[in-house]
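Sequential numbering from 363 applies to the sequence shown in my numbering.
Think of the CB as a built atom: it goes at the ideal place given N, C-alpha and C, for glycine as much as any other residue.
Since we're looking at a predicted model, the values are computed, not measured.
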Amino acid sequence: MPKITFIDTEGNKRDVDAPLGLSVLEIAHRNDIDLEGACEGSLACSTCHVIVEPEWYDLLTDASEDEEDMLDLAFGLTKTSRLGCQIIMSEELDGLTVRLPSGTRNMMG
Numbered sequence: 363m364p365k366i367t368f369i370d371t372e373g374n375k376r377d378v379d380a381p382l383g384l385s386v387l388e389i390a391h392r393n394d395i396d397l398e399g400a401c402e403g404s405l406a407c408s409t410c411h412v413i414v415e416p417e418w419y420d421l422l423t424d425a426s427e428d429e430e431d432m433l434d435l436a437f438g439l440t441k442t443s444r445l446g447c448q449i450i451m452s453e454e455l456d457g458l459t460v461r462l463p464s465g466t467r468n469m470m471g
């Protein structure tokens, strides 16, 4: 099974199973990773913002205009920022590494 590595705000790495077809957000929630996802993946917030390690970023499909709009609201935005709900696991992404940002901005609550 593919794997994904989450790096928390303190730099700790955690490798977890990443079933094909699930989003990074869903995988985080299944493994008790602290990735909020206030809108439950409906592209209505930026709380599932992750920072993709640069070597993986170009393998991802391009962000949609809706995702770009939500990312503009994300805390600590970087050149390799994406929304976890929009990254869907595939064989090609086996080993994907994402960093959790130091904070989130929840406009929903």
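Taken through DSSP and simplified to helix, strand or coil, D394 comes out as coil. In this chain, the alpha helix (DSSP H) harbouring D431 covers 427-433. Note on T371: under 16 other CB atoms within 10 angstroms of its CB, so exposed under the neighbour-count rule.
In the three-state scheme derived from DSSP, where H, G and I count as helix and E and B as strand, I413 is classed as strand. L455 sits in a helix when the DSSP states are folded into three classes. Here F368 is bridged, per DSSP, to R376, V460.
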